[in-house]
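Residue numbers (this note's numbering), protein chains in the order written: chain A, 450 to 666; chain B, 450 to 666. Even for Gly, the Cβ is constructed at its ideal location relative to N, Cα and C. Just so you know, these numbers come straight off a predicted model, no measurement behind them. What follows is one structure encoded as structure tokens, with my remarks underneath.
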DNA sequence: CCGATAAATCTTGTATACAAGATTGTTATT
DNA sequence: AATAACAATCTTGTATACAAGATTTATCGG
């Protein structure tokens with residue numbers, strides 16, 4: 450572990466996995482000892498992390514792992530919901546041939562994860578893969594990547610929800626319904642479907658009560 | 450002119466105004482002499498400029514003002530169009546009381562700019578103000594700011610179009626129509642209106658022919 | 001003259017010493 | 001004991017010397 454890209458990836462994944470909890474101090478000197486590298490390249494990494502909202506830099510005071518910003522979460526859900534409605538409607542008009550196969554394979558893997566115990570991580574990964582593939586098939590990978598750069602708060606928010614199996618099944622089934630709409634060229638139900646799919650599990654109160662010290666006030 | 454924020458603002462505005470042309474080399478030593486500051490803080494500025502696509506950093510080679518990426522322009526227009534359809538529909542359902550006055554005042558100023566000669570800059574500024582205010586009234590300033598961080602290519606693209614007066618009048622009139630839809634709670638025409646408004650002046654060929662050396666290949 | 005190789009000179013990347021602000025702890029005074 | 005002033009020690013911010021890669025120039029051989 451020595452170059453900047455690796456260090457950044459490492460810190461990002463620790464923050465997203467909540468191993469580095471919101472509020473944790475990331476001091477330059479401590480990190481430079483941990484990664485055996487000088488402060489200068491480390492500052493590059495921290496600068497980028499702050500631009501992507503992983504950390505907050507307080508000049509001459511220190512760097513804190515950012516608290517989860519529920520407003521940001523709501524805004525990103527609105528953005529994703531709006532965009533995905535449009536993208537899925539586009540796909541219902543025309544989709545690349547390979548699309549049906551790719552999406553079906555992902556749904557199979559996700560179904561597998563629903564059945565397994567302790568497969569929460571895998572489930573979320575296949576969930577992401579499904580949505581990312583929708584963007585890609587519509588030629589909107591650019592916008593998927595743009596969203597990812599602002600998704601720290603949303604990703605951590607979602608990870609804190611431990612969803613019951615029935616909920617996982619519902620999510621997976623809704624994916625199936627989306628694919629059905631696309632293949633049947635049925636634009637009618639898409640808006641409501643996508644809106645429900647992305648807004649359903651907003652439960653700010655649950656987080657406020659159980660993880661108050663992770664949340665931005 | 451000495452602190453980092455000022456330097457960044459200065460470089461951003463020179464790039465957006467195309468005073469710094471795409472492809473121009475921004476060497477650290479040259480900039481450090483110009484701004485009378487050492488390379489370290491300058492590198493912070495350049496890092497951020499690259500993350501917002503103002504420049505491209507080629508490691509150990511140099512920093513170039515980025516070429517205008519027409520794909521990015523198209524993607525951002527799709528994003529804005531999709532979002533603004535939703536936002537204006539939201540406003541047609543409910544808008545803060547102050548909204549009507551604020552938007553009307555902006556439209557007046559923009560009308561003034563249409564009449565004046567050589568008011569192209571002012572026209573574009575009021576155009577931006579109108580759209581920004583729509584976002585703000587809908588409680589979506591967060592998303593407006595997000596878009597701005599990826600707008601280098603779109604802003605420069607739009608600036609290269611020298612629009613005729615008839616075109617300016619059309620743009621301004623469409624703004625008026627949008628406001629009418631909102632106040633009349635008329636959701637019907639919004640989709641088509643917004644789509645036409647943002648997609649109309651895509652004329653990649655014009656740029657390709659007249660500013661080929663500004664465009665990313 | 002042409003081409004290849006090497007050297008000089010660009011560029012940015014990294015390490016580190018020092019500057020300066022913020023916080024903490026201590027001490028003196030009431 | 002409480003408070004104010006000061007000092008020590010944290011933190012990050014900046015300047016600069018040096019390292020290392022990339023490019024250009026020069027030199028030498030054919």
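Residue i vs residue j beta-carbon contact at 8 Å
i                      : j                      : result
residue 684 of chain B : residue 648 of chain B : Nothing about residue 684 of chain B can be reported from this structure: the residues present for chain B run from 450 to 666 only.
residue 552 of chain A : residue 582 of chain A : yes
residue 504 of chain A : residue 521 of chain A : no
residue 500 of chain B : residue 546 of chain A : no
residue 451 of chain B : residue 486 of chain B : yes
residue 579 of chain A : residue 624 of chain A : yes
residue 604 of chain A : residue 528 of chain A : no
residue 460 of chain B : residue 513 of chain B : no
residue 496 of chain A : residue 496 of chain B : yes
residue 608 of chain A : residue 563 of chain A : no
residue 491 of chain B : residue 480 of chain B : yes
residue 626 of chain B : residue 611 of chain B : no
residue 567 of chain B : residue 632 of chain B : no
residue 470 of chain B : residue 655 of chain B : no
residue 539 of chain B : residue 585 of chain B : no
residue 534 of chain A : residue 639 of chain A : yes
Of the residues the options, the one placed nearest residue i, counting alpha carbons only
i                      : options                    : result
residue 628 of chain B : B:563, B:520, B:541, B:479 : B:541
residue 507 of chain B : B:486, B:475, B:522        : B:475
residue 558 of chain A : A:574, A:548, A:589        : A:574
residue 660 of chain B : B:472, B:589, B:484        : B:472
residue 518 of chain A : A:606, A:632, A:454, A:496 : A:606
residue 592 of chain B : B:460, B:531, B:548        : B:531
residue 634 of chain A : A:543, A:498, A:479        : A:543
residue 600 of chain B : B:577, B:613, B:616, B:587 : B:577
residue 618 of chain B : B:484, B:458, B:646        : B:646
residue 502 of chain A : A:560, A:602, A:626        : A:602
residue 536 of chain A : A:622, A:636, A:657        : A:636
residue 511 of chain A : A:569, A:483, A:477, A:464 : A:477
Continuous alpha helix (DSSP H) stretch holding residue i: start and end
i                      : result
residue 548 of chain A : 547-564
residue 504 of chain B : No alpha helix (DSSP H) holds residue 504 of chain B; the beta strand (DSSP E) holding it covers 504-507.
residue 594 of chain B : 590-597
residue 644 of chain A : 639-648
residue 466 of chain B : Taken as a continuous stretch (DSSP letters only), residue 466 of chain B belongs to no alpha helix (DSSP H), as it is neither H nor E.
residue 624 of chain A : 614-632
residue 610 of chain A : Per DSSP, residue 610 of chain A belongs to no alpha helix (DSSP H) and is neither H nor E.
residue 659 of chain A : 653-659
residue 574 of chain B : 569-586
Bridge partner(s) assigned by DSSP for residue i
i                      : result
residue 514 of chain B : B:504
residue 474 of chain A : A:513
residue 664 of chain B : B:517
Residue-chain proximity (residue i, chain A), Cβ-Cβ < 8 Å
i                      : result
residue 591 of chain B : yes
residue 521 of chain B : yes
residue 482 of chain B : no
residue 535 of chain B : yes
residue 500 of chain B : yes
residue 458 of chain B : no
residue 603 of chain B : no
Residue-chain proximity (residue i, chain B), Cβ-Cβ < 8 Å
i                      : result
residue 647 of chain A : no
residue 497 of chain A : yes
residue 658 of chain A : no
residue 478 of chain A : no
residue 528 of chain A : yes
residue 505 of chain A : no
residue 532 of chain A : yes
residue 606 of chain A : no
residue 557 of chain A : no
Residue i: CB within 7 Å of a non-hydrogen atom of the ligand ADP
i                      : result
residue 494 of chain A : You won't find the ligand ADP in this model; it holds no ligand whatsoever.
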